[in-house]
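Asker: Under full-length UniProt numbering, the sequence shown has 198 at position 198, and the numbering climbs by one with no breaks.
The beta-carbon is built from N, C-alpha and C at its ideal position, and this holds for glycine as well.
Please read these numbers as outputs of a predicted model, since none were measured by experiment.
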Amino acid sequence: MAGNAAAASGDGGGGLRLNFYSESCPRAEQIVKEQVRRLYEEHGNTAVSWLRALFHDCTVKSCDASLLLETDAATGLVSEQASPRSFGMRNFKYVGAIKSALERECPGTVSCADLLALAARDGAAMLGGPSPIPMRTGRRDATASQYGEVERYVPNHNDTVSAVLSRFAAMGLGAEAVVALLGAHSVGRVHCSNLVARLYPAVDGGFEPAYGAYLRGRCPTADAREDTRDVAYARNDRATPMVLDNMYHKNLLKGRGLLLVDQRLASDPRTAPFVKKMAADNGYFGETFAAALVRMSENGPLTGGQGEVRKDCRFVNAK
Numbered sequence: 001m002a003g004n005a006a007a008a009s010g011d012g013g014g015g016l017r018l019n020f021y022s023e024s025c026p027r028a029e030q031i032v033k034e035q036v037r038r039l040y041e042e043h044g045n046t047a048v049s050w051l052r053a054l055f056h057d058c059t060v061k062s063c064d065a066s067l068l069l070e071t072d073a074a075t076g077l078v079s080e081q082a083s084p085r086s087f088g089m090r091n092f093k094y095v096g097a098i099k100s101a102l103e104r105e106c107p108g109t110v111s112c113a114d115l116l117a118l119a120a121r122d123g124a125a126m127l128g129g130p131s132p133i134p135m136r137t138g139r140r141d142a143t144a145s146q147y148g149e150v151e152r153y154v155p156n157h158n159d160t161v162s163a164v165l166s167r168f169a170a171m172g173l174g175a176e177a178v179v180a181l182l183g184a185h186s187v188g189r190v191h192c193s194n195l196v197a198r199l200y201p202a203v204d205g206g207f208e209p210a211y212g213a214y215l216r217g218r219c220p221t222a223d224a225r226e227d228t229r230d231v232a233y234a235r236n237d238r239a240t241p242m243v244l245d246n247m248y249h250k251n252l253l254k255g256r257g258l259l260l261v262d263q264r265l266a267s268d269p270r271t272a273p274f275v276k277k278m279a280a281d282n283g284y285f286g287e288t289f290a291a292a293l294v295r296m297s298e299n300g301p302l303t304g305g306q307g308e309v310r311k312d313c314r315f316v317n318a319k
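#1: Does the beta-carbon of residue 137 have 16 or more other beta-carbons within 10 angstroms, so that it is buried, or is it exposed?
#2: Taking the beta strand (DSSP E) that residue 324 falls in, what are its first and last residues?
#3: Residue ranges of each alpha helix (DSSP H) run of no fewer than 4 residues wholly in the segment 100-150, ordered along the chain?
#4: If you compare alpha carbons, which of 290, 318, 54 is closest to residue 132?
#5: So is residue 163 buried or exposed if we call it buried at 16+ other beta carbons inside 10 Å?
#6: In angstroms with no decimal places, state the Cα-to-Cα distance between residue 7 and residue 295.
#7: Where do the N-terminal and C-terminal ends of the beta strand (DSSP E) with residue 52 fall, by residue?
#8: Following the continuous alpha helix (DSSP H) through residue 32, name the residue where it begins and the one where it ends.
#9: Could you give the uninterrupted runs of the alpha helix (DSSP H) lying entirely in the segment 190-216, keeping only those of 4 residues or more?
#10: Taking 8 Å as the cut-off, decide whether the C-beta atoms of residue 134 and residue 18 are in contact.
#11: Can you tell which of 142, 258, 279 has the C-alpha that lies nearest to the C-alpha of residue 303?
#12: If you draw a straight line from the alpha carbon of residue 314 to that of residue 298, how long is it in whole angstroms?
#13: Using 10 angstroms around the beta-carbon of residue 76, count the other beta-carbons present and answer buried if the total reaches 16, otherwise exposed.
#14: For residue 383 and residue 103, I'd like the C-alpha separation in whole angstroms.
#15: Give me, in chain order, the residues of the same chain whose beta-carbon lies closer than 7 Å to that of residue 101; leave out the 5 immediate sequence neighbours on both sides.
#16: From which residue to which residue does the alpha helix (DSSP H) around residue 176 run?
#17: Among 281, 284, 249, whose alpha-carbon lies nearest the alpha-carbon of residue 267?
#18: Between the C-alpha atoms of residue 312 and residue 99, what's the straight-line distance to the nearest angstrom?
#19: How many Å lie between residue 306 and residue 62 at the Cα?
#20: My assumption, with CB atoms under 8 Å, is that residue 16 sits in contact with residue 120. Please give the rounded CB distance.
#21: My guess is that residue 54 and residue 127 are in contact by the Cβ rule of under 8 Å, so how many angstroms apart are they, rounded?
#22: Check each candidate in 180, 125, 64 and name the one with the smallest Cα separation from residue 44.
#23: Decide if the segment 253-264 is in contact with the segment 148-166; the criterion is three or more beta carbon pairs, one per stretch, under 8 Å apart.
#24: Pair every Cβ in the segment 166-174 with every Cβ in the segment 233-248, then say whether three or more of these pairs are closer than 8 Å.
#25: Less than 8 Å separating the beta-carbons of residue 284 and residue 277?
#26: Does the Cβ of residue 286 have 16 or more other Cβ atoms within 10 Å, making it buried, or fewer, making it exposed?
#27: Considering Cα atoms alone, identify which of 274, 316, 20, 151 is closest to residue 139.
#28: Is it the case that the Cβ atoms of residue 91 and residue 46 are separated by a distance below 8 Å?
#29: Would you check if the distance between the CB atom of residue 65 and the CB atom of residue 25 is smaller than 8 Å?
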């Protein structure tokens, strides 16, 4: 892939480069990898969380770890995590474990934004995804939340393909990359609150009938007396639920795409050819996913004298 070739060249736009910490913190990337592996072995779903966190952070203007800032009543900062678009995101507490390990080795050196990018890369590897992925580093951390922008930037689960393609195009990603990146939906799960509209009062005709019946068994109706839609869920992929592979694309061709935006990829003429090609070739999916992940991770980073390197990813540094 051209994206991988570009990444291998070393220097990227915006001041990012391979092995940015080779002198200031030589073990930085190894420490992140060790922590991601440890957390994966203790809590397997953390690997999925790192991928989603990078997507949410980078999609909202910049890969700058603004997502990780917690609400601070004293300063009026409202966390991006409080947005409805962030529903279901978790495992933020484990970011602190990775950051603490980095701070012990090299205080005030490795940014939270780079932590997120490296953790996503290593999380993908833990899930059987492409590895190694050459990830450039040198990002700096934001000093403000983009809470007010989240809903405008992060695609919704029932968006049109045009809306999704437009959002990714702003990050320099085309239809092929979008189909690959959404392949991350081959792991993890979807809460029923995002599914009931496709199941009741009638099952969406886009679903394979048997699959629709299965999902009705998983998800309560929209007017259930004891509404559990926010905690009940369905796996994105029942065959290999914790493997980052092309089962997502195979499922789309069978009418088993959970989210409406997923299923639409299989019928839209701009994306359908890539769905079919990735469904037929897991190697092609992995290569395209790797290149797209790198490109997404380099969306508008803060570098040089911009931003700061947070000591605690949850809070802006004290002045």
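Answerer: With the structure as the only source:
#1: buried
#2: Summary: the structure shown does not reach residue 324, with the chain confined to residues 1 through 319, and so no result is reported for it.
#3: 112-126
#4: 290
#5: exposed
#6: The predicted position of residue 7 is uncertain, since its pLDDT is 39 and thus under 50; no value can be drawn from it.
#7: Note, residue 52: premise wrong, no beta strand (DSSP E); alpha helix (DSSP H) at 46-59.
#8: 28-42
#9: 196-199
#10: yes
#11: 142
#12: 21 Å
#13: exposed
#14: The structure shown does not extend to residue 383, since the chain spans only 1 to 319, so no value can be given for it.
#15: 31, 35
#16: 175-181
#17: 249
#18: 7 Å
#19: 12 Å
#20: Rounded, the Cβ-Cβ distance is 15 Å, inconsistent with contact.
#21: The pair is not a contact, with the Cβ atoms about 14 Å apart (cut-off 8 Å).
#22: 125
#23: yes
#24: no
#25: yes
#26: buried
#27: 20
#28: yes
#29: no
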